[in-house]
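*Asks:* Sequences listed follow chains D and Z, in order.
Taken in order, the first sequence gives residues 1 to 190; the numbers are from my numbering.
Taken in order, the second sequence gives residues 191 to 380; the numbers are from my numbering.
Even glycine gets a Cβ: it sits at the ideal position worked out from N, Cα and C.
Quick one: structure below, then a few questions.
Number of protein chains: 2
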Amino acid sequence: MKDNKRGGFRVGAGRKSGSGCFGESTKVIRVPTSRVTEINQYIRRPQAGNTDIVMLPHPTPQKIQLKLFDHKVPAGFPSPADDHIEKSLDLNEYLITKKESTFFVKIKGDSMIDASIHDNDIVIVDRSKQAKVGDIILASIDGEFTIKILAKHLSLPRLLPANEKYQPIVIQESMQFEIWGVVTGAVRKF
Amino acid sequence: MKDNKRGGFRVGAGRKSGSGCFGESTKVIRVPTSRVTEINQYIRRPQAGNTDIVMLPHPTPQKIQLKLFDHKVPAGFPSPADDHIEKSLDLNEYLITKKESTFFVKIKGDSMIDASIHDNDIVIVDRSKQAKVGDIILASIDGEFTIKILAKHLSLPRLLPANEKYQPIVIQESMQFEIWGVVTGAVRKF
DNA sequence: AATTTGATTAATGTTACAATAATCAAATGA
DNA sequence: TCATTTGATTATTGTAACATTAATCAAATT
Numbered sequence: 001m002k003d004n005k006r007g008g009f010r011v012g013a014g015r016k017s018g019s020g021c022f023g024e025s026t027k028v029i030r031v032p033t034s035r036v037t038e039i040n041q042y043i044r045r046p047q048a049g050n051t052d053i054v055m056l057p058h059p060t061p062q063k064i065q066l067k068l069f070d071h072k073v074p075a076g077f078p079s080p081a082d083d084h085i086e087k088s089l090d091l092n093e094y095l096i097t098k099k100e101s102t103f104f105v106k107i108k109g110d111s112m113i114d115a116s117i118h119d120n121d122i123v124i125v126d127r128s129k130q131a132k133v134g135d136i137i138l139a140s141i142d143g144e145f146t147i148k149i150l151a152k153h154l155s156l157p158r159l160l161p162a163n164e165k166y167q168p169i170v171i172q173e174s175m176q177f178e179i180w181g182v183v184t185g186a187v188r189k190f
Numbered sequence: 191m192k193d194n195k196r197g198g199f200r201v202g203a204g205r206k207s208g209s210g211c212f213g214e215s216t217k218v219i220r221v222p223t224s225r226v227t228e229i230n231q232y233i234r235r236p237q238a239g240n241t242d243i244v245m246l247p248h249p250t251p252q253k254i255q256l257k258l259f260d261h262k263v264p265a266g267f268p269s270p271a272d273d274h275i276e277k278s279l280d281l282n283e284y285l286i287t288k289k290e291s292t293f294f295v296k297i298k299g300d301s302m303i304d305a306s307i308h309d310n311d312i313v314i315v316d317r318s319k320q321a322k323v324g325d326i327i328l329a330s331i332d333g334e335f336t337i338k339i340l341a342k343h344l345s346l347p348r349l350l351p352a353n354e355k356y357q358p359i360v361i362q363e364s365m366q367f368e369i370w371g372v373v374t375g376a377v378r379k380f
């Protein structure tokens, strides 16, 4: 039942310009594949209600409100602060699993620098944990404490320093050798 | 002077995949005309961000005092009587000076590795401390959080990574730039 | 040994296209 | 008469295609 009498060219016919979801014309641009989702979310995000406010601690009695998205040039892409203030953190809870068997050791010197344990770092040692090959352990050899990576050489245990400049130590039967625990963490003050 | 003896099909010929300015494949997407410039700037700006989640100190942390030993003292412990050697320590107290102005940020990537800040470390940031040149700071650049070393060059602030593979960032007037605090410590779990 | 050259393939900005959606007015039907 | 349907028209929108540029390799040349 087609006829030629409906429609037809006439001014004002057809979809109105600006009736798309952006209310304006569009262009195609090329962007990295990994950021397609991010950009699509961003350009579709309601502009009006964009009032993300993050509260961060401040020494003054009343906490300061820091407004994000007040950029001068590129306006408001998703910021890490958007949804990233998640939870609170208790350092004791985070770093100490078993407080009954945990203690700290303050490190002197740079012999563990390749395991990124530095002079004056404090390491967290759990003496209840069974040391496995590859673990960073606190051991004593002939009455001296040392922090090393546990390896195994035939049947005798072997301690690898994390710093290449130091020689591995093969534990002989005659040596007093004791593993005091496994290093489970490290903390540092700047 | 054309001949058919150069080039020719052979494995490995031609431009390498991923050699473009994004280091990955691209796609075309349609965006509002008014935001083309903004998005092009955004996807091309230096990726300074090296932080992940932001956390606040726990309001009611566990109080755990554990023994602190010195790496260099001769083994013979535990010797609870010896107060000279043995101290005790609470990690929250040790690392957090001002709870009201402190928060935590998780590090992503290895841009600060020479400052011994590693992937997945958590750094402690004090917002009340005045940042000085040379300090490790948390800053935001155009909405992106980053941990960097604060420097100054010709009166413009500069953010230096602690890894020669990364480029310093010169802060221009046109950039949104804010210093959020000074990094006062770092913790790591093994 | 260093440089040039031509073939090859990826990157990149733009245009083209097809499918969908919105809009209008004539045609239809109550 | 007035609401609904219908067909033509035009914008939107995601994707494919294209042309130009850039990077890379190995043979040819200096």
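#1: Using only alpha-carbon positions, find the residue among D:Arg127, D:Ser128, D:Val105 that is nearest to His118 (chain D).
#2: Kindly identify the DSSP beta-bridge partner or partners of Arg225 (chain Z).
#3: Kindly list, in the order they appear in chain Z, the residues whose Cβ is closer than 8 Å to that of Ala186 (chain D).
#4: Below 7 Å between beta carbons: does that hold for Lys27 (chain D) and Val226 (chain Z)?
#5: Closer than 7 Å between beta carbons: that is the criterion. Which residues of the region 17-50 of chain D meet it against chain Z?
#6: Specify, as a first and last residue, the run of the beta strand (DSSP E) that Glu283 (chain Z) falls within.
#7: Rounded to a whole number of angstroms, what is the C-alpha to C-alpha distance between Asp52 (chain D) and Gln252 (chain Z)?
#8: What would DSSP say about Lys106 (chain D), mapped onto helix, strand or coil?
#9: Would you tell me roughly how many angstroms separate the C-alpha atoms of Ser17 (chain D) and Ser25 (chain D), rounded to the nearest one?
#10: Check whether the Cβ atoms of Ile312 (chain Z) and Asn353 (chain Z) sit closer than 7 Å, and answer yes or no.
#11: How would you list, in chain order, the residues of chain D whose beta-carbon sits under 8 Å from the beta-carbon of Asn282 (chain Z)?
#12: Measuring only the C-alpha atoms, how far is Asp273 (chain Z) from Lys257 (chain Z)?
#13: Could you check which residue in Z:Ala238, Z:Arg234, Z:Glu228, Z:Asn282 has the C-alpha nearest to that of Thr143 (chain Z)?
#14: Just the Cα atoms here: how many angstroms apart are Tyr356 (chain Z) and Ala238 (chain Z)?
#15: Using alpha carbons as the reference points, say which of Z:Asn310, Z:Ile331, Z:Val244 lies closest to Thr292 (chain Z).
#16: Shortest alpha-carbon distance to Asp142 (chain D) belongs to which of D:Phe177, D:Lys132, D:Arg44?
#17: Could you give the DSSP three-state label for Val201 (chain Z): helix, strand or coil?
#18: Just the C-alpha distance for Ile96 (chain D) and Ser140 (chain D), rounded to the nearest angstrom, thanks.
#19: What is the rounded straight-line gap between the Cα of Ser111 (chain D) and the Cα of Ala186 (chain D)?
#20: For Leu246 (chain Z), tell me which candidate among Z:Lys379, Z:Ser306, Z:Lys289 has the shortest Cα-Cα distance.
#21: Ile337 (chain Z) and Pro347 (chain Z) look like a contact to me (Cβ under 8 Å); what is the Cβ gap, rounded to whole Å?
#22: How many angstroms separate the CA atom of Pro351 (chain Z) from the CA atom of Arg45 (chain D)?
#23: Leaving out the 5 sequence neighbours to the left and right, which residues in its chain are closer than 6 Å to Gly371 (chain Z) when beta-carbon positions are compared?
#24: Does DSSP put Glu178 (chain D) in a helix, in a strand, or in coil?
#25: Quick check: what's the CA-CA separation for Ile149 (chain D) versus Ile136 (chain D)?
#26: With a Cβ-Cβ cutoff of 7 Å, do Val373 (chain Z) and Lys342 (chain Z) count as a contact?
#27: Out of D:Ala131, D:Ile43, D:Phe145, point me to the one whose CA is closest to Gly109 (chain D)'s CA.
#28: From this set, Z:Ile359, Z:Tyr284, Z:Val201, Z:Ser224, which residue's C-alpha is nearest Phe190 (chain D)'s C-alpha?
#29: Of the residues Z:Asn310, Z:Leu344, Z:Arg220, Z:Gly202, which one's Cα is nearest the Cα of Asn240 (chain Z)?
#30: To the nearest whole angstrom, what separates the beta carbons of Ile219 (chain Z) and Ile39 (chain D), a pair I think is in contact under 8 Å?
#31: Using a threshold of 7 Å, state whether the C-beta atoms of Ala305 (chain Z) and Ile369 (chain Z) are closer than that.
#32: For the beta strand (DSSP E) containing Thr250 (chain Z), list its first residue and its last residue.
*Replies:* To lay it out plainly:
#1: D:Val105
#2: In the DSSP output, where bridge partners are listed per residue, Arg225 (chain Z) has none listed.
#3: Val377, Arg378, Phe380
#4: yes
#5: Phe22, Glu24, Ser25, Thr26, Lys27, Val28, Ile29, Arg30, Val31, Pro32, Thr33, Ser34, Arg35, Val36, Ile39, Asn40, Ile43
#6: First-last for Glu283 (chain Z): 281-285, but that is the alpha helix (DSSP H), not the beta strand (DSSP E).
#7: Note that Asp52 (chain D) has pLDDT 34, beneath the 50 cutoff, so the model's placement of it is unreliable and no number is given.
#8: strand
#9: 8 Å
#10: no
#11: Asp90, Leu91, Asn92
#12: Caution applies to Asp273 (chain Z), whose pLDDT of 41 falls short of 50 and renders its modelled position unreliable; the model cannot decide the point.
#13: Not covered by the structure: residue 143 (chain Z). The range shown for chain Z is 191 to 380.
#14: 9 Å
#15: Z:Val244
#16: D:Phe177
#17: coil
#18: 22 Å
#19: 15 Å
#20: Z:Lys289
#21: 15 Å between Cβ atoms; not a contact.
#22: 33 Å
#23: Val315, Asp316, Arg317, Leu328
#24: strand
#25: 4 Å
#26: no
#27: D:Phe145
#28: Z:Tyr284
#29: Z:Asn310
#30: 7 Å
#31: no
#32: Where Thr250 (chain Z) is concerned, there is no enclosing beta strand (DSSP E), given that its DSSP letter is neither H nor E.
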